[in-house]
Every structure is written in structure tokens, then in C-alpha cells.
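> Following this message is one structure expressed as C-alpha cells.
Right under this line is the structure:
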């Protein structure tokens, strides 16, 4: 289902050839465009056109993706076998004698104190029979059971025979505890990864609901493919053994992507190879790498993350490198190119994590650098702020993310506050545009199942700042991920807003096999110091086709009709509203 213009065939062949040569190299990321208002004095005899492409001084800076636009499968369930009440100590023989109860002592309970006190108060009276005490014990046991403490129970203490004459009744509670956790089936992943997470949910008194939720979180852990668990009786009343059998997910994932998702100024058709390896050290860590190239762009990225606590807190590192040159015919003779790189470290901690919802907080630090040249090797600034083509930022980022899922809906939101600081040789000057800034990025996504076969996807993204930003931190709109119908990075600005809505209609009996995806997208941006982009708003209407040929092969084709005209429109597929993607993932 891939459609090419005649002029793009040669470019596709060149990309495929380069991928075959470079298949052992890996890494990638998606460039973001920057403004281009000439600031340096050009060399003698060199005239800089007024419409320099946006793909200059570029370091990729795409927001973290929100959850996939899919309705989740129902949460897994686990058959937990629980000990019967027969394990509790044998009760005294009943008697028909009536007695007066002045005091009821409940021993051994650490939870549900108020509810138990309310129940026992009804039995502090005269004319109480032994059957009434059995009823009291049963009600306390049922209270534990109804609140998920299915391995806990109450019994009448044998000491009551001596105390009933004094009006004192003693009820003993045995709260369930875990005697041990037996884990089987792991080959690479260390048992401590699973054990530490289950131990958080198995503290005394043992609660079935809490344990099931921990098992469900393990089931959706990408390191594990299958989780089976059984809770059995232990060696004594109230003691239990949790038996867990696991199947690990494949460690290696990899594939290739061919798509026209880059700016035409550096070659829109990009070939990429990507891979990830789960659990290389056996501690639940992950290594990722990507490599991509176009006719004018060579980029790669490396990432590594590892868990730091049993509550799924994680520490991640990422390095990205990008070398590009302008290849459009009007600018090719100028020898415009750029080198850029970034390094980031981040810590994220879920503060609330359930199968159906999650809230996380994160703190990170980025160092990003860009250097631009003219005539191939002469440092040159194309915008206000960089010095001799060099710009650098050191940024502290504070993030908050939230997601809520149910059988028919997924809601997700992400917020990021960024502070540019004077550190690591950040660009600092008196121009009003440097590495000292504050900005906020917000993202919201709503996925709704309108019918058993129809989905709706709505998005709202915005970036706001009171400062004039270096190109490294600006927001770009236009392209397959923002406003289709326009070229990648059509509109670049300090501030911006993006809104879109998309529907997914299946064209086959299987929901995901072939889908028609009509969409409406609109975005706008403005600057605080530099001239505002013209036009300041872009919008499009169109449709797409997504085809899951096999579980390993996915094709997509989108066509967007621009609703607002732009200047200097090119002749690439993007400029004509067409976007395609070929994603083959044989290792998964």
C-alpha cells in the first residue's frame, strides 16, 4: 500500500542501500526544527536567501509518547486457593447455659478495629448463649473475608470456660501471614526482582485483593509473558505459601522502519533500524538503540534504564547524536550543515500504581549542544542567540504523568516543567535569547471505544514560556505526528498549541487488521521576541489507512489536505500531503 511519486524512487533505493550497509549501527531520534533568522555575517560572496529551511541548529526534542491508542485487554485473574476454616483451632463444645457478658476481649487483630468494636458491642449483654458467641466469631471471620483477608479468621479461646462466670469473653483472631514465596520458571531475570514486588503486597495480614493486584502488575510487566499463581495452606493455622510460575518475555526485539517522516530539507524518506534488549544484567534493566538516515541526515541514539526499587522506580540514561546537511537544490551550494548531540539522565517514580491507573513523578537533567556551519566548515549562526553557530543548554526537567484505563476508555496526561540553567557551558549572552529560560509542556490524550469496532483518539498538546527560546527548546508543528498535510517542522515557535481528533474504523472482521482513520488536526504558534511565524496557524483534514499485514508487519498511509495555505511549498510527498510508513519487526 506504499505510494511513491516518480521523483522519490531513487531516494528510496538510496535509503535501502544505506540501511544494508549500516545495519550494524543502531540509534535514532526525531529532529525538531528551529528558527532561521540570520545573525552572523556571511562570508564574502555568499548570499543567504531569506527563506532558509527550518532544519538548522537541530536537536531532536519530541515529547515523551503517551500510552498507545488502544483499549487494554481485561486484567488477568489468578485462582488463589485459600485455607479452610477447619485449620483454625477446635472450638469448645457448645452449651445451652446462658450467662451475662460484661466484657469481650478481641486478641490478635491489627486491622478493622472500629468495625470489630461495633460488632462486639451488640453482644455485651445478659442472656447470651454459647451459640451467640459462635455467631460473634463467625461475623468477625466474615468481616475479614469481605475485606480481602481470606486467610484470616477468629475462634473462641478455650480460656473462656474459666472466665465466663466472671462475664469475660475472649475471641482470638488469627491473621493470615505468608510463610514463603516459591518462584519457578525464571531463566535470566533474578528472583529478587519478582520477590521484592510480591513482598510489598504480602505483608501481614495477608490480603487477597492486594496480592492479586501485585500479580496483575507483574502480568503486564514487559519482562514477563505469563504469570500463574496459587496460594496454598502452610504448616500452621494462618500461614500460607505463595507458589508463582512465570514465563519470561523474549529478551531481544528489533525491526526496521521506512517512512517519510523527516523534513524534506534534509531528505524526508528515512530508513531506521531499531533494537532493544531486555534484562541484560538480570535485574530488570533494558538497553535500546536506534540508527536512522536520509540523504542528508545521519542520526543515532542509545539508551539504558534500570529499576532502582521494588515500587518500579527507574533510572534512565540516553545519548543522541545527529549530523545533517541541507540538500534542497536552492540551498545545497551553501554547504549548510549541523552537528548536534544530547545527553539526558532521568529518574521516575510511580507514586500510585494499579492495573487500571498510574500516577508518576520524575526529575531529569539534559545537556544539549548544536553547532551549525556554512560552506561545510565555517561556523555560522542562522538565528538569534547562538554564538558562531554554537548553542548549548543545560536543563532541569520535572515531569508528572497520569493514565487511567478501563474496558472502553484510556485517559492519559503528561506535564513537564523545564528550567534552563547557567551550567555546563550553557549559552549565556545579552541578546535576550539564551540558555536561561522556563517553559511548560502539557499533553493530554483520550481514547474512547465508540462501538465494539470503532475507536476515537483525541489529543491536546501545548507549550508555554515567558522567554525567547533557543532553537533547541522550541516547539515544531507540521508533519505526520502533529499536523498532517504540511511538511515536517512547518511551523516553529516558542509557544504552541496542537489539537487533533481521529477515528479508526475497521474495514475487516478483525479490529486491527485494516483500519480507515479520518482525522482533523489544527495547530498554532507564536514567539515572545522573534517575529511570529507566517502563517501562525495550520490546519488539515484527511484520512489514513492502517494495515496490519501480519503481527510483525504494519503499513500505514496518510493523506492530509491543508486548510491554510503556506508560502514556499515544495514538491515532496509531504508537501503534497502524503505520508507512508513501513514497519517490520521480525524480533518481538
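In this note's numbering, the protein residues as written are 11 to 598. For each residue, glycine too, the CB sits at the ideal point set by N, CA and C.
Just list the beta strand (DSSP E) runs in the stretch 149-189, keeping only unbroken ones of 3 residues or longer that don't cross its boundaries, in chain order.
List check, beta strand (DSSP E) in window: 163-166, 178-184.
> Could you give the DSSP three-state label for residue 391: helix, strand or coil?
In this structure, residue 391 counts as coil in the three-state DSSP scheme.
> Taking its Cβ as the centre, do 16 or more other Cβ atoms sit within 10 Å of residue 442, making it buried, or is it exposed?
Burial call: exposed.
> Thinking residue 405 and residue 429 are a contact (beta carbons under 8 Å), I'd like their distance in whole angstroms, please.
Contact holds; Cβ gap of about 7 Å.
> In the DSSP output, which residue or residues are listed as bridge partners for residue 192?
According to DSSP, which records beta bridges pairwise, residue 192 is partnered with 253.
> How would you write the range of the alpha helix (DSSP H) that residue 130 sits in, first residue to last?
First-last of the alpha helix (DSSP H) with residue 130: 123-130.
> Pick out the complete beta strand (DSSP E) segments inside the stretch 450-501, 3 residues or longer, and give them in chain order.
Runs of the beta strand (DSSP E) inside the stretch 450-501: 464-474, 485-487.
> Whole angstroms are fine: how far does the CA of residue 373 sit from the CA of residue 185?
Computed Cα separation, rounded: 40 Å.
> Between 348, 471, 590, which has its C-alpha nearest residue 532's C-alpha?
Ranking the options by Cα distance to residue 532, first place goes to 471.
> Count the other CB atoms within 10 Å of the CB of residue 34; is the residue buried (16 or more) or exposed (fewer)?
With a pLDDT of only 30 at residue 34, under the threshold of 50, the placement of this residue in the model should not be trusted; the figure read from the coordinates follows. Burial call: exposed.
> Within 10 angstroms of the Cβ of residue 319, are there 16 or more other Cβ atoms? Answer buried if so, exposed if not.
Result: exposed.
> Contact between the stretch 579-587 and the stretch 268-276: three or more CB pairs below 8 Å?
Contact holds: three or more Cβ-Cβ distances are below 8 Å.
> Indicate the three-state DSSP secondary structure (helix, strand or coil) for residue 237 in the structure shown.
Three-state DSSP puts residue 237 in a strand.
> With a CB to CB cut of under 6 Å and the five nearest residues on each side skipped, what residues in its chain are close to residue 369?
So the list reads 361, 362, 412, once near-sequence residues are dropped.
> Which residue or residues does DSSP assign as beta-bridge partners of residue 145?
DSSP output for residue 145 lists no bridge partner at all.
> Considering only DSSP beta bridges, list what residue 376 is partnered with.
Answer is 354, 405.
> Would you check if the distance between the CB atom of residue 572 and the CB atom of residue 495 is smaller than 8 Å?
Yes, the Cβ-Cβ distance between residue 572 and residue 495 is below 8 Å.
> Using DSSP's beta-bridge definition, name the partner residues of residue 321.
BP columns for residue 321 are empty, so no partner.
> So what does residue 420 bridge to, in DSSP terms?
According to DSSP, which records beta bridges pairwise, residue 420 is partnered with 415, 457.
> Once DSSP output is grouped into helix, strand and coil, what is the label at residue 218?
Three-state DSSP puts residue 218 in a helix.
> Return helix, strand or coil for residue 514, following the three-state DSSP convention.
Here residue 514 sits in strand by DSSP.
> What is the rounded straight-line gap between the Cα of residue 283 and the Cα of residue 477?
Whole-angstrom Cα-Cα distance: 37 Å.
> Between residue 165 and residue 182, what straight-line distance do the alpha-carbon atoms span, to the nearest angstrom?
For residue 165 and residue 182, the distance between alpha carbons rounds to 5 Å.
> Buried or exposed: which applies to residue 262, given that a residue is buried once 16 or more other Cβ atoms fall within 10 Å of its Cβ?
When all chains shown are included, residue 262 counts as exposed.
> How big is the Cα-Cα spacing for residue 221 and residue 266?
C-alpha separation (whole angstroms): 40 Å.
> To the nearest whole angstrom, what separates the beta carbons of residue 502 and residue 484, a pair I think is in contact under 8 Å?
About 5 Å separates the two Cβ atoms, so the contact holds.
> How long is the line joining the alpha carbons of residue 418 and residue 524, rounded to whole angstroms?
Taking the straight line from one Cα to the other gives about 20 Å.
> Going by alpha carbons, who is nearest to residue 562 out of 367, 593, 108?
Minimum Cα distance to residue 562 is reached at 593.
> For residue 150, count neighbouring C-beta atoms within 10 Å of its own C-beta (all shown protein chains included) and say buried if the count is 16 or more, exposed if not.
Buried.
> Would residue 7 be called buried (16 or more neighbouring beta carbons within 10 Å of its own) or exposed?
For residue 7 there is no data in the structure shown, the boundaries of the chain being 11 and 598.
> By alpha-carbon positions, which one of 108, 134, 147 ends up nearest to residue 4?
The structure shown does not extend to residue 4, since the chain is modelled only from 11 to 598, so the question has no answer here.
> With 8 Å set as the bound, which would you pick, yes or no: does the beta-carbon of residue 350 sit closer than that to a beta-carbon of chain C?
Checking the listed chains, one finds no chain C in this structure; it contains a single protein chain.
> Going by other Cβ atoms of all chains shown within 10 Å of its Cβ, with 16 needed for buried, is residue 540 buried or exposed?
Result: buried.
> Here's a check: name, in chain order, each residue in its chain whose Cβ is nearer than 6 Å to the Cβ of residue 211, leaving out the five neighbours to either side.
Excluding residues within five positions, the ones whose Cβ falls inside 6 Å are 220, 221, 224.
> Determine the direct distance from the alpha carbon of residue 154 to that of residue 451, and round the result to whole angstroms.
Whole-angstrom Cα-Cα distance: 46 Å.
> Measuring straight from C-alpha to C-alpha, what distance separates residue 415 and residue 505?
Taking the straight line joining both Cα atoms gives about 30 Å.
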